[in-house]
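Engineer:
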Amino acid sequence: DSRTVPSSVDVAVVGAGFSGMYLLHRLRELNLSAIVFEAGGDVGGTWYWNRYPGARVDVESLAYSYSFSEELEQEYEWQERYPTQPEILSYARHVADRFDLRRDIFFETRVTAASYDEQDKTWLVRTGHGDEVTARFLVMATGCLSSSKLPEIPGLDRFEGPTYHTAHWPHEGVDFTGMRVGLIGTGSSGVQSIPVIAEQAAELTVFQRTPAYSLPARNRTLRPDEIADMKANYRAFRQAQRESGFGVPTPIPEKSALEVSEEERDAAFERAWESGSLVNLLTAFHDLSIDQAANDTAKRFIHRKIHQIVADPRTAADLCPEYPVGTKRPCLDTDYYETFNRPHVRLVNLRRTPLVEITDRGVRTSDEEYAFDAIVYATGFDAMTGALTNVDIRGRGGASLKEAWSAGPRTYLGIGSAGYPNLFMITGPGSPSVLSNMVVSIEQHVDWVIDAIEHLDRQGLRTIEPTEEAQDAWVDHVNLIAGATLYPKANSWYMGANVPGKPQVFMPYAGGVGEYRKTCDEVAAQGYKGFALST
Ligand code: NA7
Numbered sequence: 011d012s013r014t015v016p017s018s019v020d021v022a023v024v025g026a027g028f029s030g031m032y033l034l035h036r037l038r039e040l041n042l043s044a045i046v047f048e049a050g051g052d053v054g055g056t057w058y059w060n061r062y063p064g065a066r067v068d069v070e071s072l073a074y075s076y077s078f079s080e081e082l083e084q085e086y087e088w089q090e091r092y093p094t095q096p097e098i099l100s101y102a103r104h105v106a107d108r109f110d111l112r113r114d115i116f117f118e119t120r121v122t123a124a125s126y127d128e129q130d131k132t133w134l135v136r137t138g139h140g141d142e143v144t145a146r147f148l149v150m151a152t153g154c155l156s157s158s159k160l161p162e163i164p165g166l167d168r169f170e171g172p173t174y175h176t177a178h179w180p181h182e183g184v185d186f187t188g189m190r191v192g193l194i195g196t197g198s199s200g201v202q203s204i205p206v207i208a209e210q211a212a213e214l215t216v217f218q219r220t221p222a223y224s225l226p227a228r229n230r231t232l233r234p235d236e237i238a239d240m241k242a243n244y245r246a247f248r249q250a251q252r253e254s255g256f257g258v259p260t261p262i263p264e265k266s267a268l269e270v271s272e273e274e275r276d277a278a279f280e281r282a283w284e285s286g287s288l289v290n291l292l293t294a295f296h297d298l299s300i301d302q303a304a305n306d307t308a309k310r311f312i313h314r315k316i317h318q319i320v321a322d323p324r325t326a327a328d329l330c331p332e333y334p335v336g337t338k339r340p341c342l343d344t345d346y347y348e349t350f351n352r353p354h355v356r357l358v359n360l361r362r363t364p365l366v367e368i369t370d371r372g373v374r375t376s377d378e379e380y381a382f383d384a385i386v387y388a389t390g391f392d393a394m395t396g397a398l399t400n401v402d403i404r405g406r407g408g409a410s411l412k413e414a415w416s417a418g419p420r421t422y423l424g425i426g427s428a429g430y431p432n433l434f435m436i437t438g439p440g441s442p443s444v445l446s447n448m449v450v451s452i453e454q455h456v457d458w459v460i461d462a463i464e465h466l467d468r469q470g471l472r473t474i475e476p477t478e479e480a481q482d483a484w485v486d487h488v489n490l491i492a493g494a495t496l497y498p499k500a501n502s503w504y505m506g507a508n509v510p511g512k513p514q515v516f517m518p519y520a521g522g523v524g525e526y527r528k529t530c531d532e533v534a535a536q537g538y539k540g541f542a543l544s545t
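The structure is reproduced here in structure tokens:
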């Protein structure tokens, strides 16, 4: 890159995924100078990095797309119901071209540190290349699932064959033909890639610590009539997205799973199973996320499905999760359970025989050493906070964000944190983020942040920062809502439970996208209530 980083801008943005791209577009509309730093070689964020075989989004393309430009909405042609990673990346690149975004993005540039200067009321942002820029505002558009993790076991560098993490997949792809492959992890990335890798590999051994609930995606090519219908009704659809619970319009269920007959209940679950939509499953009845007995009915239904599909009863039983449905992120798959019927695919239940180490030949569990030609880590992320605390962020008095969050993230609205003036997070912990259609939540946060900056500038104000009181109350509120659900019953990455030593608190706001938006709008309408604004 021959460009030089400017020494000072109005706004520095970290990340050029869906958040950073839209932010840049909006900042330009306000005539603010902005710079975006991106660790990857191109735009797309999640969809730039996660190139593993079978990678797809689990929200439908026509809903998982920007709403800010009607022209973009009308001209873009989505191919599939659940688009592949290459299709989503093409969309991101199209948006970058169409809005000429790349000229303010510095690629292959990782932000390493940012510190707040109380005198100047500016952030000093540093990159791994040694660049420094001062900015009036710093926006962390770093994504929720971007700091990947490996298993915490010895020997990771000992294996002599190639290893791959699903979130750092080689751009040229990997050919597993004829190989003995070991794959660790059965979250969404594992569930999506296992059937595709099994097509090539001579042997595939899947190491599972916690099984996932997965629904068949029923993916297909979009029909011209449904695309035309959506394009004719996009405004109303977008509004419904914004008011919904998950950022996807769904009828509000009226019935309890416990008040209907078994036939009626099974018919409802069967419809969800057939529909290939996670939200349809989670909203089949109004009490699935809050009542254990109601949730048990969904669990029994899925267990039955797994036992019907998977021929070997022990493998089927091992694939059946015990935690409540929906309390860990459920998956959408194509032939996931069916793959375990293939003779060259084997499931190892790490609850029975835990991982011990990686060896030069493969993987050792408590009872066996497995030899492989390649190992795939589908072991997920230090979710929601990892990408924020990996940057050395210092607020007032030099206070480290990582230390301030050592007992769990503390934010107001998931947008800002006390002690860190003029620092905004897009889809930060304490906002619906990962419990929603990310694009809907991203646009909402970006719009809110843009309005806040505009408000400050118009009023001649210099800083905005959550008060400790507002933040404490918000953290309590987020916990209270989570406590009324079954979410805390699973050891999930929502809870930080997948990273040893990470404090266990439920990080996202579980009250729904629509409710959350109302709260944020009220805060703004009341002069940014709960934030201290200063000149
Ligand atoms: P996930 O959902 O965090 O899945 C990671 C998987 O790796 C999960 O099954 C983990 O088991 C397993 N894992 C992690 N660490 C270990 C160790 N040390 N030993 C054994 N197994 C381990 O990440 P994904 O990339 O699949 O999906 C992320 C999100 O992307 C997904 O939810 C969708 O929103 C899209 P665990 O459950 O922790 O016991």
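For what it's worth, the UniProt record's numbering labels the leading residue of the sequence shown as 11, then goes sequentially. Backbone N, C-alpha and C fix where the C-beta goes; we use that ideal spot for every residue, glycine too.
#1: What are the start and end residues of the alpha helix (DSSP H) that includes HIS455?
#2: When burial is assigned at 16 or more other CB atoms within 10 Å of the CB, is GLY197 buried or exposed?
#3: Under 8 Å by Cβ, that's how I've got SER75 and TYR86 pegged, so tell me the actual separation to the nearest angstrom.
#4: Alpha carbon to alpha carbon, what distance is there between PHE382 and ILE463?
#5: Hey, would you say the C-beta of ASN229 is under 6 Å away from at least one heavy atom of the ligand NA7?
#6: Taking the alpha-carbon positions, what's the GLU182 to TYR62 distance?
#7: Using a Cβ distance threshold of 8 Å, determine whether the stretch 92-103 contacts the stretch 313-324, with at least three qualifying pairs required.
#8: Say the cut is 6 Å; is the CB of PRO205 nearer than that to a heavy atom of the ligand NA7?
#9: To the nearest angstrom, how far is the alpha carbon of VAL46 from that of VAL21?
#10: Between the beta-carbon of ASP141 and the beta-carbon of VAL15, is there less than 7 Å?
#11: Relative to the C-alpha of GLU40, which candidate in ALA500, THR122, GLY405, ASP461 has its C-alpha closest?
#12: When the Cα of SER199 is compared with those of GLN218, THR231, ALA304, GLY511, which residue comes out closest?
#13: Which stretch, first to last residue, makes up the alpha helix (DSSP H) that contains TYR422?
#14: Quick check on this structure: which residue in PHE256, ALA238, SER544, THR421 has the alpha carbon closest to the alpha carbon of SER451?
#15: Select from LYS159, ASP130, TRP88, GLY138 the residue whose C-alpha is nearest the C-alpha of ALA145.
#16: Could you tell me the distance, in whole angstroms, from the CA atom of ASP52 to the CA atom of ASP110?
#17: For GLU299 versus LEU496, is the C-beta spacing smaller than 7 Å?
#18: Whole-angstrom Cβ separation of ALA535 and GLN481, contact assumed at under 8 Å?
#19: Within this structure, are the beta carbons of GLY440 and GLY424 separated by less than 7 Å?
#20: Which residue's Cα is closest to the Cα of THR389: PRO161, VAL67, ASP185?
#21: Alpha carbon to alpha carbon, how far is LYS512 from SER203?
#22: Check whether the Cβ of TRP503 lies closer than 6 Å to any heavy atom of the ligand NA7, and answer yes or no.
#23: Exposed or buried, what is ILE207 when buried is set at 16 or more other beta-carbons lying within 10 Å of its beta-carbon?
#24: Which first and last residues belong to the alpha helix (DSSP H) in which PRO353 is found?
#25: Enumerate in chain order the residues of its own chain whose CB-to-CB distance from ALA500 is below 6 Å, with the five nearest sequence positions on each side excluded.
#26: Is the number of C-beta pairs between the stretch 301-318 and the stretch 261-281 that are closer than 8 Å three or more?
Structural biologist: According to the structure shown:
#1: Taken as a continuous stretch (DSSP letters only), the alpha helix (DSSP H) holding HIS455 covers 448-469.
#2: GLY197 comes out buried.
#3: Right, the Cβ-Cβ distance comes to about 7 Å (below 8 Å), so this counts as a contact.
#4: For ILE463 and PHE382, the distance between alpha carbons rounds to 54 Å.
#5: Incorrect: ASN229 has no Cβ contact closer than 6 Å to the ligand NA7.
#6: Taking the straight line from one Cα to the other gives about 11 Å.
#7: By the criterion of at least three beta-carbon pairs nearer than 8 Å, the stretch 92-103 is not in contact with the stretch 313-324.
#8: Checking every heavy atom of the ligand NA7 against the Cβ of PRO205, none is found closer than 6 Å.
#9: Between VAL46 and VAL21, the C-alpha separation is close to 9 Å.
#10: Yes. Within cutoff.
#11: The sequence as given places Leu at residue 40; Glu does not occur at that position. Between LEU40 and the set ALA500, THR122, GLY405, ASP461, the nearest pair of CA atoms involves ASP461.
#12: Considering only alpha carbons, the answer is GLN218.
#13: Careful: TYR422 lies outside any alpha helix (DSSP H) and carries neither H nor E.
#14: Minimum Cα distance to SER451 is reached at PHE256.
#15: Of all alpha-carbon atoms in LYS159, ASP130, TRP88, GLY138, the one lying nearest the alpha-carbon of ALA145 is that of ASP130.
#16: ASP52 and ASP110 have their alpha carbons spaced roughly 13 Å apart.
#17: Contrary to the premise, residue 299 reads as Ser rather than Glu in this sequence. SER299 is a Cβ neighbour of LEU496, given a cutoff of 7 Å.
#18: Contact flag wrong, Cβ pair sits at about 20 Å.
#19: Against a cut-off of 7 Å, the Cβ pair of GLY424 and GLY440 comes out as a contact.
#20: THR389 has its Cα closest to that of PRO161, out of PRO161, VAL67, ASP185.
#21: If you take the alpha carbons of LYS512 and SER203, they lie about 27 Å apart.
#22: Closer than 6 Å to some heavy atom of the ligand NA7: that describes the Cβ of TRP503.
#23: So ILE207 ends up on the buried side.
#24: In this chain, PRO353 is not harboured by any alpha helix (DSSP H), its DSSP state being neither H nor E.
#25: Answer for ALA500: TYR333, THR337, LYS338, listed in chain order.
#26: Output reads yes: the stretch 261-281 touches the stretch 301-318.
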